[in-house]
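Numbering (the numbering used here), first residue to last: 286 to 1040. Think of the CB as a built atom: it goes at the ideal place given N, C-alpha and C, for glycine as much as any other residue. No experiment lies behind these values; they were computed from the predicted model shown.
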């Protein structure tokens, strides 16, 4: 048994003598017991390809990772899994609203073909900007005066944050705000452990009893840093947020843009940062690692890579991408749609809708899209701009019905801020679910260039059933293994709420390819599931009347309708799972897909190739010579990959900004029997079929589409309005029911609405 004393005066001088503890001191009894002996031998066996003891390998690597974490903890770092963040002013990047990006480092050990490796990279986490609480509230709510602060919003924001009181240098956790102002709130004095009010306000206590001057706190609420039944009020101006407090809510689009702009590093700068960190942390001198027989080289690992041939892209004529890019300037789209009956709705007061629609029509004509003049240009009534989002959307649709002779086939919606606008979710739901109208939301810049209009038209054309471009191997029907046998390509992803929201349902999305033997068009199917659940549980969903209401049924039926055949091969790209979840994909998700296929009356089972696509990793590839990023099409499948399993890194895109992050592909199952060259070229090609842009993207298009579908349909439900105290519908088993997403209207359910 170990006794630990935490007080201002240190530990007691004698074991037999009780000492009077100072205010705020605590004592703990800690029992340390032997847990297990963890040998490091499984790591050596794994490096030789012997992974019989998977659990032993994971335990051994975990022990070494703990040593890295402990070293960082000894330096006073904030620990976020295997990333470490030091409180240094040079590492902070202000992104607005009282939030900063804090640069640190990721360090973890991995078994690779080249030996036991230390994976080290620059890492960033979001933290609250330390400093006076007053300053934080002003920037967080974007107001100039304290009297403009929304205190209900402030209460939610400040709850559970840690502050330091400047008058006594002690730290506290905020549990709430006082109900009354500082000059009205009675001071609570503890008497025999019970709280009782005395005839003195908090303001009077600090200014008169403690002789601490307060310049502006009198008319503001106090911070409550006590306990629910024992409040302890502090004036606002005596409190400062301490450093290294994580911010776990979602960033706004402006914050994300600011973070990307300020934290990006060119390849050589990133190399310098990592090598400097190696010298700072001195892992090569760590005594615990040395005792474990670990020595770490100070130079980066050298690997051999290769560059795949660039796929040819075809529209009205073949395009030859240059450095992962091509353009449609003065070129027709492969299959351009026509738009006869459409309208423009304007929720923004800063846009000339007449000029915008005219420019859009002219740009569309150059691309082969026949766009007639809009049937109506509808501006929001100015008096409604302060109404609720639902009321604004309902009012706008009333105008659409009144001013148009019939439902339009397309609506262009102008928003002040597309990703941040409260209008976005309700508007999308109204169009796609209630009325079946294709819509495109934009927030146009002040100066609208032809390239901007082209990008908008690429999305519109795809949503309306057009095709912007295809690969030459599609048009010539020469994709190995795909053209010869009916093959379906799936992209799967699950979108979760922000880390701070455990009540928000997760949204699972699967997209499936259509019109085999092409690999360009996709349909999405989306469902909600329990919060934070990563494995998709509605791929096959039998009902009481022996039908299937799952995701895959929709996709299988649509594939058959558009292809005239049932898939004999299925290539699955699964995003968002870690290595510890690979077996769950094979044991939970794959069997559901098979059951859904067999439920349609099929006795045979297609051949499967299951691939995990990862972007959230810390492996970077740098050119041995030169300062640029590795070129598009770079593949590395040796040295830094798994000692035995089939995986590789691919950088398909052009890293024009910062340092490129390659996609990491893990092939879990390959019943189809692709050779490495054929599979890597297929994956490379799938990075060139993304209909929203004229660039190769960093990960296969089906994965991006699944992510977009989950994110967009997640906006249908105003999850942010669900508070911790809101009522929940319970199932018969006493579990909170997961609210279902509204289904898409039949007019748009098979469209690429997510583009």
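DSSP three-state call for residue i: helix, strand or coil?
i: residue 970; result: helix
i: residue 961; result: helix
i: residue 352; result: helix
i: residue 706; result: coil
i: residue 838; result: helix
i: residue 732; result: coil
i: residue 335; result: coil
i: residue 1038; result: coil
i: residue 1015; result: Note that residue 1015 has pLDDT 49, beneath the 50 cutoff, so the model's placement of it is unreliable and the number below is only indicative. DSSP places residue 1015 in strand when its eight states are reduced to three.
i: residue 569; result: helix
i: residue 984; result: coil
i: residue 297; result: At residue 297 the pLDDT is 42, less than 50, meaning the model places this residue with poor confidence; the figure from the coordinates comes in the next sentence. Residue 297 falls in the coil class under three-state DSSP.
i: residue 915; result: coil
i: residue 976; result: coil
i: residue 1002; result: coil
i: residue 719; result: helix
i: residue 254; result: Residue coverage of the chain in this structure runs from 286 to 1040, which leaves residue 254 outside it and unanswerable.
i: residue 306; result: For residue 306, the pLDDT reaches just 47, beneath the cut-off of 50, and the residue's location in the model is therefore unreliable, leaving the point undetermined.
i: residue 889; result: coil
i: residue 423; result: helix
i: residue 1028; result: coil
i: residue 752; result: strand
i: residue 537; result: coil
i: residue 1009; result: Its pLDDT being 39, under 50, residue 1009 is placed unreliably in this model, and the value from its coordinates should be taken loosely. Three-state result, residue 1009: coil.
i: residue 772; result: strand
i: residue 995; result: helix
i: residue 578; result: coil
i: residue 519; result: strand
i: residue 555; result: helix
Can you tell which of the options has its C-alpha closest to the C-alpha of residue i?
i: residue 715; options: 514, 1033, 403 and 317; result: 1033
i: residue 638; options: 659, 589, 549 and 436; result: 659
i: residue 774; options: 713, 724, 851 and 812; result: 851
i: residue 731; options: 371, 759 and 699; result: 699
i: residue 665; options: 673, 677 and 656; result: 677
i: residue 869; options: 547, 897 and 811; result: 897
i: residue 738; options: 645, 654 and 564; result: 645
i: residue 610; options: 595, 1037, 866 and 930; result: 595
i: residue 819; options: 848, 863, 941 and 839; result: 863
i: residue 885; options: 861, 567 and 840; result: 840
i: residue 844; options: 940, 662, 882 and 314; result: 882
i: residue 1029; options: 1022, 830, 772 and 998; result: 998
i: residue 503; options: 533, 484, 536 and 468; result: 468
i: residue 875; options: 534, 858 and 693; result: 858
i: residue 449; options: 607, 693, 391 and 519; result: 519
i: residue 853; options: 887, 892 and 879; result: 892
Give the DSSP bridge partners of residue i, in chain order.
i: residue 989; result: BP columns for residue 989 are empty, so no partner.
i: residue 896; result: 858 and 952
i: residue 920; result: 591 and 935
i: residue 408; result: 389
i: residue 397; result: 400
i: residue 778; result: 794
i: residue 695; result: 627 and 723
i: residue 417; result: 525
i: residue 379; result: 385
i: residue 604; result: 598
i: residue 363; result: 370
Between residue i and the ligand ZN, is the CB less than 7 Å from at least one heavy atom?
i: residue 518; result: For the ligand ZN, the structure offers nothing, since it holds no ligand at all.
Would you please verify whether the beta carbon of residue i is less than 8 Å from any beta carbon of chain D?
i: residue 953; result: Looking at the structure shown, chain D is missing, and only one protein chain is on hand.
Under 8 Å, with one C-beta from each stretch per pair, do the segment 404 to 418 and the segment 509 to 525 reach the 3-pair mark?
Because the criterion of three Cβ pairs below 8 Å is met, the segment 404 to 418 and the segment 509 to 525 touch.
What ranges does the beta strand (DSSP E) occupy inside the segment 434 to 515, keeping only unbroken runs of at least 3 residues that lie completely in it?
With a minimum length of 3 residues, the continuous beta strand (DSSP E) runs that stay inside the segment 434 to 515 are 447 to 450, 455 to 458, 461 to 466, 471 to 476, 479 to 486 and 506 to 509.
Three CB pairs or more closer than 8 Å across the segment 910 to 927 and the segment 540 to 559:
The segment 910 to 927 vs the segment 540 to 559: in contact.
Ordered list of beta strand (DSSP E) runs contained in the segment 620 to 678, each at least 3 residues
Runs of the beta strand (DSSP E) spanning 3 or more residues and lying entirely within the segment 620 to 678 occur at 627 to 631 and 661 to 664, in chain order.
Can you give, in chain order, each stretch of the beta strand (DSSP E) that sits fully within the segment 783 to 837 and has at least 3 residues?
Entirely contained in the segment 783 to 837, the beta strand (DSSP E) runs reaching 3 residues are, in chain order, 791 to 798 and 807 to 814.
At least 3 beta-carbon pairs within less than 8 Å: the segment 498 to 512 vs the segment 447 to 459
Look at the beta carbons and you see the segment 498 to 512 touching the segment 447 to 459: at least three pairs across the two are nearer than 8 Å.
Give a yes or no on contact between the segment 930 to 946 and the segment 561 to 572, applying the rule of three or more CB pairs nearer than 8 Å.
No: fewer than three Cβ pairs fall under 8 Å.
Should the segment 384 to 399 be called in touch with the segment 323 to 342, which here means at least 3 C-beta pairs below 8 Å?
A contact exists between the segment 384 to 399 and the segment 323 to 342.
Indicate whether the contact test is met: 3 or more Cβ pairs, each with one atom in the segment 581 to 595 and one in the segment 627 to 636, closer than 8 Å.
The segment 581 to 595 makes no contact with the segment 627 to 636; the number of CB pairs closer than 8 Å stays below 3.
Should the segment 346 to 353 be regarded as contacting the segment 372 to 389, the criterion being three or more beta carbon pairs within less than 8 Å?
No, the segment 346 to 353 is not in contact with the segment 372 to 389.
Inter-stretch contact at 8 Å, needing at least 3 Cβ pairs: the segment 890 to 904 / the segment 563 to 579:
The segment 890 to 904 and the segment 563 to 579 do not touch, with fewer than 3 CB-CB distances between them shorter than 8 Å.
For the segment 954 to 965 against the segment 821 to 839, are there 3 or more C-beta pairs whose distance is under 8 Å?
Output reads no: the segment 821 to 839 does not touch the segment 954 to 965.
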